[in-house]
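Heads up: the structure comes next, in structure tokens.
Numbering (mature numbering (1 follows the signal peptide of the UniProt record, and there is no 0)), first residue to last: -30 to -1, 1 to 579.
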């Protein structure tokens, strides 16, 4: 299904299992325990972890069950017991590194380095947490695991008391009956995401290695010719060479008159154990240079990805130990000034978010959604509106409403309960629903798949009575990681050639995919139109209402859903997706941002494990 989330979940599950093992193996440098630990209790907890990998992988796709909560509680309890007992963190680190290497989770260097990178942060968070340990799983997995009572995890953004403008549910979607035959009002918007170009990519190297990332010189040569890294890329655990990234940008520039570029983050390759600040900044410099080269006349609007942090996913909140990503924000603020005005710099330095009036009546708000990402461990320390971003968002949207502006929201991680902590997601969705007449659409990346999800009116929660209020588009990745083709997306928008009062509605979107196998065989990049959303699905418009209607058709029309699933995987024939797999995908569209995938699946007759 969602390969990236499964990979992240598998890593998390493995690390928890490794950490659990330290309780059963003596630590040579452990400090005297402050209290006795009942070995039978530990063995019982360890026994509960035998299904951990399966449960965590299910949770990573949004299926959170009571079993997932009990496993999460057992795993985190073991870690907290170890540290609360006064045992040395150094002992924990050495044992985890040793077992990681012994079990061949990754190479010894990868095991040692990634654990070294996180150890200080993890120990600080675990020892200085501001909420009871019992709330850890509720923060990460949601209310299924119990209520949140701590102030740091139970908070509400204040939205303006200004009355919400009335919504005419019978009004046609602007652009539903498109009368712009000559295309004078149309604006082309390019969406590129998850480029992940790899400076170490080497054609001919092993694309089927045992390391977390392949297609590098140090991976050696493959046993089979089919596993050799091609000139333009390889479908497997590989990122892309620079030539493929440049080919994508060049093809988009030469085949479309691009007015606006939405660039939704994730630049470095998938080698977190080797991540260095200077490498991340060099990747930013190179990627930015290519975008400037091909889109010098377009408005370029960037957002920051979770892989930009070093270590990845780490976006600290305020803390007494001075863990910080200020170096990252400061550097991105400088590089982004190649595309943005100085007026955006203050909030970029504060938290890598900004608001920009792109043209008369049209604003884009770029969020740092890594601040809500479930793998950002700092949220366990304090999840209260990091950097004040959501409060700022609510105020920006009120100003936009007062000015009659239309708004796009962009970011990297989609703010759904599969990806973001529930309290942040709930506050965000409350804001989105309040300003539904102002927010035209949302744009994200991160999953590397071609997806979308809908938000719904929270005043109509009864089954069958829900009204879709907004659409969020997730762009397919340019990288091939994992097992996919490079791709990019172009939206056709009613921008009125930037006239004031233009609706900025999405009229259609087209996805372009590189035929990687053919490109490598013919030694030249071959890009094809995969599909037009409006034509492929015979949609009257790309409104939230009509996307909802399409999702409803998926429930009964297997052929239609199969088409969607193939496009979702960028024309790579995916595994068969029926029954609970199909239910998960439909529930991602219809419930990931609101009630959550689990409740939706239960409504569809499936019982999550």
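From the three backbone atoms N, C-alpha and C, an ideal C-beta is built for every residue, glycine too. Computed from a predicted structure; not experimentally measured.
Would you list the one or two residues that DSSP bridges to residue i?
i: residue 122; result: Partner(s): none; residue 122 has no beta bridge.
i: residue 158; result: 462
i: residue 479; result: 461
i: residue 395; result: Residue 395 pairs with nothing; no bridge assigned.
i: residue 484; result: 497
i: residue 502; result: 480
i: residue 441; result: 424
Could you name the residues of the same chain whose beta carbon sits closer than 7 angstroms to that of residue i, not counting the 5 residues immediately before and after it, in chain order?
i: residue 268; result: 228, 229, 230 and 231
i: residue 39; result: 107, 111, 114 and 115
i: residue 15; result: Only weak support is given to the placement of residue 15: the predicted model assigns it a pLDDT of 41, under 50, and the question is left unresolved by the model.
i: residue 198; result: 174, 177 and 192
i: residue 327; result: 333
i: residue 89; result: 59 and 63
i: residue 350; result: 95, 99, 106 and 109
i: residue 82; result: 67
i: residue 373; result: none
i: residue 354; result: 122 and 125
i: residue 466; result: 155 and 472
i: residue 335; result: 325, 363, 366, 377 and 379
i: residue 101; result: 120, 122 and 123
Should residue i be flagged as near chain B, meaning a C-beta pair shorter than 7 angstroms?
i: residue 466; result: Although the question refers to chain B, the structure presented lacks it and comprises just one protein chain.
Look at the Cβ atom of residue i, then the Cβ atom of residue j, and state whether they are nearer than 7 angstroms.
i: residue 517; j: residue 424; result: yes
i: residue 537; j: residue 531; result: no
i: residue 551; j: residue 570; result: no
i: residue 566; j: residue 387; result: yes
i: residue 439; j: residue 514; result: yes
i: residue 276; j: residue 167; result: no
i: residue 179; j: residue 208; result: no
i: residue 495; j: residue 202; result: yes
i: residue 270; j: residue 250; result: no
i: residue 254; j: residue 204; result: no
i: residue 77; j: residue 181; result: yes
i: residue 310; j: residue 264; result: no
i: residue 475; j: residue 464; result: yes
i: residue 458; j: residue 162; result: yes
i: residue 368; j: residue 130; result: yes
Please report the distance separating the alpha-carbon of residue i from that of residue j.
i: residue 481; j: residue 234; result: 16 angstroms
i: residue 66; j: residue 49; result: 12 angstroms
i: residue 512; j: residue 504; result: 7 angstroms
i: residue 541; j: residue 210; result: 18 angstroms
i: residue 500; j: residue 128; result: 43 angstroms
i: residue 55; j: residue 99; result: 15 angstroms
i: residue 406; j: residue 397; result: 14 angstroms
i: residue 485; j: residue 95; result: 45 angstroms
i: residue 215; j: residue 307; result: 22 angstroms
i: residue 242; j: residue 347; result: 16 angstroms
i: residue 401; j: residue 489; result: 45 angstroms
i: residue 172; j: residue 377; result: 42 angstroms
i: residue 257; j: residue 318; result: 19 angstroms
i: residue 370; j: residue 410; result: 12 angstroms
i: residue 426; j: residue 560; result: 8 angstroms
i: residue 289; j: residue 123; result: 16 angstroms
i: residue 329; j: residue 226; result: 20 angstroms
i: residue 421; j: residue 325; result: 25 angstroms
i: residue 555; j: residue 562; result: 10 angstroms
i: residue 70; j: residue 87; result: 15 angstroms
i: residue 37; j: residue 572; result: 15 angstroms
i: residue 399; j: residue 443; result: 15 angstroms
i: residue 453; j: residue 119; result: 42 angstroms
i: residue 408; j: residue 135; result: 10 angstroms
i: residue 133; j: residue 393; result: 24 angstroms
Spatial neighbours of residue i within its chain, please: CB distance less than 6 angstroms, with the 5 preceding and 5 following residues excluded, ordered by chain position.
i: residue 381; result: 273, 337, 339 and 414
i: residue 315; result: 303
i: residue 212; result: 167
i: residue 160; result: 222, 228, 231 and 460
i: residue 247; result: 280
In chain order, what residues of the same chain lie with their CB nearer than 8 angstroms to the CB of residue i, ignoring the 5 residues before and after it?
i: residue 92; result: 347
i: residue 576; result: 549, 550 and 553
i: residue 4; result: Confidence at residue 4 is low in this model, with a pLDDT of 34, below 50, so its placement is unreliable and no value can be given for it.
i: residue 359; result: 321, 323, 337, 338 and 341
i: residue 190; result: 175, 176 and 179
Subject >> Minimum length 3: unbroken beta strand (DSSP E) runs contained in the region 59 to 137 >> reply: Taken in chain order, the whole beta strand (DSSP E) runs of length 3 or more contained in the region 59 to 137 number zero.
Original post:
Can you list, in chain order, the stretches of the alpha helix (DSSP H) that have 4 or more residues and sit fully within the region 198 to 242?
Top reply: Counting only runs that start and end inside the region 198 to 242, the alpha helix (DSSP H) elements of at least 4 residues fall at 212 to 225.
**OP:** List in chain order: all unbroken alpha helix (DSSP H) runs of 4+ residues lying wholly within the region 288 to 350.
**Re:** Unbroken alpha helix (DSSP H) runs of no fewer than 4 residues, entirely contained in the region 288 to 350, are found at 296 to 306 and 315 to 321, following chain order.
Original post:
Whole alpha helix (DSSP H) runs in the region 371 to 427 with 4 or more residues, listed along the chain?
Top reply: Runs of the alpha helix (DSSP H) inside the region 371 to 427: 392 to 404.
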